[in-house]
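Undergrad:
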Amino acid sequence: MASSSSNLISLKTSDGTVFKVERALAKTMKTVQAIIEEADANIYMIPIHNVFSHHMDMIIDYYKLSVAGKSKEFSVEKLDNDELKDFLLAVHYLNMEDLFEVLTQAVADRLEKKSVGYVRKYFGIENDFTPEEYAAIRKKNDWAFKGDDIEPEEDEEKQEE
Amino acid sequence: MASTSRNEKKVSGANNYIPESIVFPILSKLPVKSLKRFSCVSKSWTHLFENPVFINMFRKNLVSNSHSLYNDDDDDVYFVLHQYVNSFRWDFYVLCGDKFEHKLKMDLPSSFHIRVIRILGSAMNGVFCIYDCDNHTMAALWNPATEEVKVIPPGSAEFQGHFTTEIVLHGFGYDHVTDDYKLIQHVSYITFTESSDDIHGLFWEIYSLKSNSWKKFNFDIPVRDWITGSDVYLNGECHWWGKVNNESYLVSFNLCKEAFLITPSPIENVQDGDVDLVVLYGHVAMISNRNKTSFQISILGEFGVKESWIKLFDVEPLSGIEQPIGTVMKGKIFFRKKDGELAYIDLITGLIQEIGIEGGKSWCQMVIYKKNLRRFRAINM
Chain U
302 MASSSSNLIS LKTSDGTVFK VERALAKTMK TVQAIIEEAD ANIYMIPIHN VFSHHMDMII
362 DYYKLSVAGK SKEFSVEKLD NDELKDFLLA VHYLNMEDLF EVLTQAVADR LEKKSVGYVR
422 KYFGIENDFT PEEYAAIRKK NDWAFKGDDI EPEEDEEKQE E
Chain W
121 MASTSRNEKK VSGANNYIPE SIVFPILSKL PVKSLKRFSC VSKSWTHLFE NPVFINMFRK
181 NLVSNSHSLY NDDDDDVYFV LHQYVNSFRW DFYVLCGDKF EHKLKMDLPS SFHIRVIRIL
241 GSAMNGVFCI YDCDNHTMAA LWNPATEEVK VIPPGSAEFQ GHFTTEIVLH GFGYDHVTDD
301 YKLIQHVSYI TFTESSDDIH GLFWEIYSLK SNSWKKFNFD IPVRDWITGS DVYLNGECHW
361 WGKVNNESYL VSFNLCKEAF LITPSPIENV QDGDVDLVVL YGHVAMISNR NKTSFQISIL
421 GEFGVKESWI KLFDVEPLSG IEQPIGTVMK GKIFFRKKDG ELAYIDLITG LIQEIGIEGG
481 KSWCQMVIYK KNLRRFRAIN M
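Order-wise, the sequence lines are chains U and W.
Numbered according to my numbering, the first sequence spans residues 302 to 462.
Numbered according to my numbering, the second sequence spans residues 121 to 501.
#1: Select from the region 368-384 of chain W all residues with a C-beta closer than 8 Å to any C-beta belonging to chain U, and list them in chain order.
#2: From W/TYR190 to W/GLY402, what does the alpha carbon distance come to, in whole angstroms?
#3: Would you say U/VAL333 faces chain W, with C-beta separation under 7 Å as the test?
#4: Which residues bound the alpha helix (DSSP H) around U/GLU338?
#5: Buried or exposed for W/GLU367, please, with buried defined as at least 16 other CB atoms from any protein chain shown within 10 angstroms of its CB.
#6: Keeping to the same chain, check which residues put their C-beta closer than 6 Å to that of U/MET397; ignore five residues upstream and five downstream.
#7: State yes or no: is the C-beta of W/ASP394 within less than 7 Å of the C-beta of W/ASN409?
#8: Is it buried or exposed, W/GLY217, if we count other Cβ atoms within 10 angstroms and call 16 or more buried?
#9: Under 7 Å Cβ to Cβ from W/TRP165, same chain only, skipping five residues before and after it: list those, please.
#10: Taking only beta-carbon positions, decide if U/VAL403 is within less than 7 Å of chain W.
#11: Using a C-beta to C-beta distance shorter than 7 Å, which residues of chain U count as neighbours of W/PHE158?
#12: Give me, in chain order, the residues of the same chain whose beta-carbon lies closer than 7 Å to that of W/GLY451; leave out the 5 immediate sequence neighbours on both sides.
#13: From W/SER65 to W/ASP434, what does the alpha carbon distance come to, in whole angstroms?
#14: Quick check: the region 337-354 of chain U against the region 371-385 of chain U, are at least 3 beta-carbon pairs closer than 8 Å?
#15: Ordered along the chain, which non-local residues of its own chain (more than five positions away) have a Cβ less than 6 Å from that of U/LEU366?
#16: Does the CB of W/VAL161 have a neighbour CB from chain U at under 7 Å?
#17: Which stretch, first to last residue, makes up the beta strand (DSSP E) that contains W/GLU268?
#18: Label W/GLN485 either buried or exposed according to how many other C-beta atoms from any shown protein chain fall within 10 Å of its C-beta, with 16 as the threshold for buried.
#19: Can you give me the C-alpha to C-alpha distance between W/PRO172 and W/GLN416, rounded to a whole angstrom?
#20: Looking at C-alpha atoms only, which residue of W/VAL297, W/SER308, W/GLU478 and W/ILE142 is the closest neighbour of W/PHE323?
#21: So what does DSSP say about W/MET177, is it helix, strand or coil?
#22: Please report how far the alpha carbon of W/LEU432 lies from the alpha carbon of W/PRO342, in whole angstroms.
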């Protein structure tokens, strides 16, 4: 088998697709870069867990835009909140600094007006307050729940019915 | 990291735990209001702002995300340093250059004969409001670039033998709705008797350059706690630190609407003069000075809400810092040290650096200035 001494690195996603990417792009993935550096011989195919082909498509899009100086044109608008979270997890696994900043900002923008209940579900966090503790902290921060643009809390909506 | 299953799951279930190395970078980009609401998510999230790792990230995002009002990248933005030399001499200098290595003396307009001058607030579109800080009876607007000076006419204060008239200027700002420069001051008459000081005849008045006149009104706004305390301007509002019934408040006066809002202090027992205000990346911030040795810098997340004060920094007592000048530029907050040297704290690294310029042994003022060649008299119809 020919070793990949060329400028292309082969990455195999979780769903079995092989992407041949430029070495420069692979360098932006610190995880991949570490694997390459650790390998004794030239490695010919690097498996990237948790990364699907649709993630790689977007990563390549972002890379092409940033090389052209147009990284601000990169948009994740078409992804819903859960798809965005998945993509963020993939980019985090690959340890790609710039794209990670872009995606965490995108998630922050989406979560800004959300309810406490939504955020718990989104991050997979358990409510570890007792009802009394929750009532107290809820009351203390009541001002932060006010505003027409803020998503109402599910349980509080039910109470009013 | 747990590997996902091989089926084409695009969407994660609710049991997918997200590590802190992802959660913090997301949360640190949220505004204070959202973060305070999300403190109800779980116990660990309640203490986000006490977590140094989180606060570090939050601070860095403040610095990189907001667009400075003064366009830090703009080469036309300078510092103007106002130094006390001796009781007969106050000097103004423009500081320019990357390391402030150029110090150019500015000459005060010769028509302005005041012994003890201060700058009120900061420069507004290249215009300063300078006044006599002895008794606040003389004030003028000064644009050094056009060399215009406009002496402010006196307000409605009366001066009579049987009482002492106290005038205190509180703010200087720009009303972008009417394209007008405004001043706000407080007037009171004090009769000193053997048993007490009888304060009466209180009122506030606003000066408008466009009408070239003062307008009285009777709001119950807390007055400054300290006559030479700082005041700042942000987005059409003048802010100062006030005190009423021994309680301290941030007072925010909206120049366009001519209405005010108060925000209680996050700390108790604030002594007069302990708090300085500064504008930090689009937020009003307070620098509080406990025991004259250590400083805390906190930003206000939401006007009117005491719980939305967020502490960003604790400045070490050993740094030799004496007086916060309260000016921020290019991610640095400026101070004067005990030995008179000017220094700054880098808001990202937290490091303190001297700039090699002396501020003056006991006091100095530093404001951000951007040259403006538009004559302000042009707007006085």
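Backbone N, C-alpha and C fix where the C-beta goes; we use that ideal spot for every residue, glycine too.
TA: For this structure:
#1: none
#2: For the purposes of this step, residue 190 of chain W is identified with residue 70 of the second sequence, where counting begins at 1. For the purposes of this step, residue 402 of chain W is identified with residue 282 of the second sequence, where counting begins at 1. Confidence in W/TYR190 is poor, its pLDDT being 48 and thus under 50, which makes the residue's placement too unreliable to answer from.
#3: Counting from 1 along the first sequence, the entry for residue 333 of chain U is found at position 32. No, U/VAL333 does not count as interfacial toward chain W.
#4: By 1-based counting over the first sequence, the position of residue 338 of chain U is 37. Where U/GLU338 is concerned, the enclosing alpha helix (DSSP H) stretches over 331-339.
#5: As a first step, residue 367 of chain W must be located in the second sequence, where it is residue number 247. The residue is exposed, with fewer than 16 neighbouring Cβ atoms inside 10 Å.
#6: Within the first sequence, residue 397 of chain U is the residue found at index 96, counting from 1. Excluding sequence neighbours, U/MET397 sits near THR329 and MET330.
#7: Here residue 394 of chain W is taken as the residue at index 274 of the second sequence, counted from 1. Here residue 409 of chain W is taken as the residue at index 289 of the second sequence, counted from 1. It is a contact, given that the beta carbons lie within the stated cut-off.
#8: The residue you call residue 217 of chain W lines up with position 97 of the second sequence. Flag for W/GLY217 reads exposed.
#9: Here residue 165 of chain W refers to the residue found at position 45 of the second sequence. Within the same chain, W/TRP165 has close Cβ partners PHE158 and SER159.
#10: Along the first sequence, read from residue 1 onward, the residue named residue 403 of chain U stands at position 102. It does not; no Cβ of chain W falls within 7 Å.
#11: Walking along the second sequence from the start, residue 158 of chain W turns up at place 38. Ordered by position in chain U, the residues that pass the 7 Å Cβ test against W/PHE158 are VAL417 and VAL420.
#12: As a first step, residue 451 of chain W is located in the second sequence; it is residue number 331 there, counting from the start. Cβ neighbours of W/GLY451 beyond the five flanking positions: VAL183, ASP466, LEU467 and ILE468.
#13: Absent from the model: residue 65 of chain W. The displayed extent of chain W is 121 to 501, so no value can be given.
#14: no
#15: Within the first sequence, the letter at position 65 stands for residue 366 of chain U. Excluding sequence neighbours, U/LEU366 sits near SER372, GLU374 and PHE375.
#16: As a first step, residue 161 of chain W is located in the second sequence; it is residue number 41 there, counting from the start. So, interface residue.
#17: Here residue 268 of chain W is taken as the residue at index 148 of the second sequence, counted from 1. Per DSSP, W/GLU268 belongs to the beta strand (DSSP E) from 268-271.
#18: Indexing the second sequence from 1 puts residue 485 of chain W at position 365. The residue is buried, with at least 16 neighbouring Cβ atoms inside 10 Å.
#19: Working through the second sequence from its first residue, we reach residue 172 of chain W at position 52. Working through the second sequence from its first residue, we reach residue 416 of chain W at position 296. Answer to the nearest angstrom: the Cα atoms are 14 Å apart.
#20: Position 203 of the second sequence, counted from the first residue, corresponds to residue 323 of chain W. Minimum Cα distance to W/PHE323 is reached at W/SER308.
#21: Sequence index remark: in the second sequence, residue 177 of chain W carries index 57 (1-based). The answer is helix: DSSP assigns W/MET177 an H, G or I state.
#22: Within the second sequence, residue 432 of chain W is the residue found at index 312, counting from 1. Within the second sequence, residue 342 of chain W is the residue found at index 222, counting from 1. Near 26 Å, if we compare the C-alpha coordinates of W/PRO342 and W/LEU432.
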